[in-house]
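Read the structure below first, then the notes.
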Amino acid sequence: MSDKLRQAALDYHSHPVPGKTRIALSKSTVTQYDLSLAYTPGVAEPVKEIAHDPINAYRYTNKSNLVAVITNGTAVLGLGNVGALASKPVMEGKAALFKRFADIDVFDIEIDCNDPKELVETIVRIAPTFGGINLEDIKAPECFYVEEELKKRLPIPVLHDDQQGTAIVVAAALLNALELQGKELAKVKMVCLGAGAAGIATMTLLCKLGAHSENILLVDRKGVIHSDRSDLTPEKQKFAAKTNKQTLSDAMHGADVLIGVSGPALVTKEQIVTMAENPVVFALSNPTPEILPEEIMEVRSDCIIATGRSDYANQVNNVLCFPYLFRGALDVRAKTINEAMQLAAVYAIKELAKEPILEEVLAAYNLKHKLVFGPEYLLPKPVDPRLKEKVSAAVAEAAIKSGVASV
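Laid out in structure tokens, this is it:
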């Protein structure tokens with residue numbers, strides 16, 4: 424990051440007041456009468472109603488539109504284990520996105536705890552406050568345990584955005600890219616570079632959409648995850664391949680798809696050359712991709728490319744997903760975010776990219792030319808207002824049809 428941009432970011436976060444979020448009142452507190460309703464004695468009445476039936480919390484408090492964004496700061500962006508307090512700007516940013524795109528209120532909660540069992544207990548104890556829990560930036564493999572335990576124990580939606588959020592947006596983009604390349608998900612040979620939360624969740628979701636695990640090679644720091652390795656976590660073991668391929672170069676030879684959710688500059692042009700005709704490369708490490716798009720285009724003119732960056736075409740951005748997953752879930756008071764709801768989000772995002780882009784979206788990006796579905800427009804832009812309508816509605820409908828909605 425340039426010195427100028429660094430200072431601009433620091434100024435943005437510090438002026439005119441520190442941070443990016445604040446609490447606003449939703450009811451009048453001007454008169455003495457207002458205050459007698461807001462607090463004592465009037466507040467006793469909703470208290471009694473909720474004590475009589477806990478479901479009344481959704482009627483008389485902000486629970487129905489309040490999500491907790493929770494982390495312990497062990498896997499923050501590309502910065503790693505910076506700790507709970509240092510993660511707060513990111514969690515405030517997530518809160519801002521929830522409000523901006525889906526009008527959902529958020530308390531960001533940074534928990535100083537590295538023990539996954541204690542972390543679960545802490546979250547369970549504070550959960551009654553919220554209508555949903557968004558886990559963020561918790562390192563693997565602990566994140567898998569934390570999410571699964573919370574889903575078992577809480578009657579509200581729980582999502583680890585680094586897992587499901589990433590997986591949903593990648594899946595929507597990949598389905599469109601493969602359609603453009605004339606390939607089928609069930610038949611393509613796929614390499615996933617990165618076997619943490621995002622990589623494993625993405626491969627799991629793609630298998631639910633029709634990919635075959637025998638066509639997938641997962642690659643971590645030690646190379647291809649294969650059945651002869653004895654150092655695999657249970658999550659990695661599910662993708663252990665029976666293969667003699669050992670390295671990333673081995674894996675990429677003849678591959679149709681490369682999805683990178685790992686680190687900067689790990690892929691070479693020479694490796695890209697060995698991929699199959701009409702390949703798809705999603706180099707999603709941020710801010711520095713596994714390989715830059717211009718490097719790919721030097722050696723492959725037939726490749727469809729996506730990154731995690733806004734200054735290239737096809738930004739794979741979780742903001743296309745998580746606000747609307749929760750909006751749809753909260754609107755029907757869903758007890759969980761299940762597979763049906765996730766798949767509904769994939770298809771809704773996928774199809775919106777094929778609709779004519781709105782003039783207001785072009786204006787927001789200062790674009791002079793129309794964007795049309797194609798190799799450089801696989802996904803809707805984050806400011807497209809139709810995301811809230813279409814994705815949220817699809818998620819809510821899926822929740823109702825799958826029996827997890829409460830209203």
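Everything in the sequence shown is counted per my numbering, starting at 424 for the first residue and increasing by one.
Using N, Cα and C, we set each Cβ at its ideal position, and we do this for glycine too.
Remember, predicted model here, so these are calculated numbers, not experimental data.
In the structure shown, residue 613 adopts extended strand secondary structure according to DSSP, grouped into three states. In this structure, the alpha-carbon of residue 818 lies about 28 Å from that of residue 681. Only residues of its own chain outside the window of five on either side were considered, and among them 706, 730 have a CB closer than 6 Å to the CB of residue 712, listed in chain order.
In this structure, the beta-carbon distance from residue 813 to residue 771 falls below 8 Å. Under the three-state reduction of DSSP, residue 792 is assigned to coil, being neither helix nor strand. Under the DSSP definition of a beta bridge, residue 582 partners with 557. Taking 8 Å as the cut-off, the beta carbon of residue 487 is found closer than this to the beta carbon of residue 753. CA-to-CA, the gap between residue 564 and residue 656 works out to about 8 Å. Taking a C-beta distance under 8 Å as the contact criterion, residue 803 and residue 727 do not qualify as a contact pair. Residue pairing of residue 587 in beta bridges, as defined by DSSP: absent, with no partner found. Taken in chain order, the complete alpha helix (DSSP H) segments of 4 or more residues contained in the region 677–730 are 692–696, 716–722.
Residue burial is scored here from C-beta neighbours: residue 808 has fewer than 16 other C-beta atoms within 10 angstroms and is therefore classed as exposed. When only Cα atoms are considered, residue 604 and residue 735 end up about 20 Å apart. The straight-line gap separating the alpha-carbon atoms of residue 708 and residue 589 is approximately 12 Å. Between residue 536 and residue 773, the alpha-carbon positions lie close to 38 Å from each other. Contact check for residue 811 against residue 796 fails: the beta carbons are separated by 8 Å or more. Spatial neighbours of residue 525 in its own chain (CB-CB distance under 8 Å, excluding positions within 5 residues in sequence) are listed in chain order as 746, 747, 749, 750, 811, 815. In the structure shown, the three-state DSSP call for residue 493 is strand. Fully enclosed alpha helix (DSSP H) runs of no fewer than 4 residues occupy 511–525, 539–549, 565–576 of the region 501–581, in order along the chain.
Counting along the chain, no beta strand (DSSP E) covers residue 755, and no H or E run does either. Per DSSP, residue 640 lies in no alpha helix (DSSP H); the unbroken beta strand (DSSP E) holding it starts and ends at 639–643. In the displayed model, residue 664 falls within a strand according to three-state DSSP. For residue 585, same chain residues with a beta-carbon under 6 Å away, outside a window of 5 residues either side, are 620, 621 in chain order. Secondary structure at residue 622: helix, using DSSP grouped into helix, strand and coil. If you check the CB distance, residue 762 and residue 631 come in under 8 Å. By the Cβ criterion, the region 718–725 is in contact with the region 684–698, since at least three pairs of Cβ atoms, one from each stretch, lie closer than 8 Å.
Residue pairing by DSSP places residue 499 opposite 503 in a beta bridge.
Per DSSP, the unbroken alpha helix (DSSP H) holding residue 428 starts and ends at 426–437.
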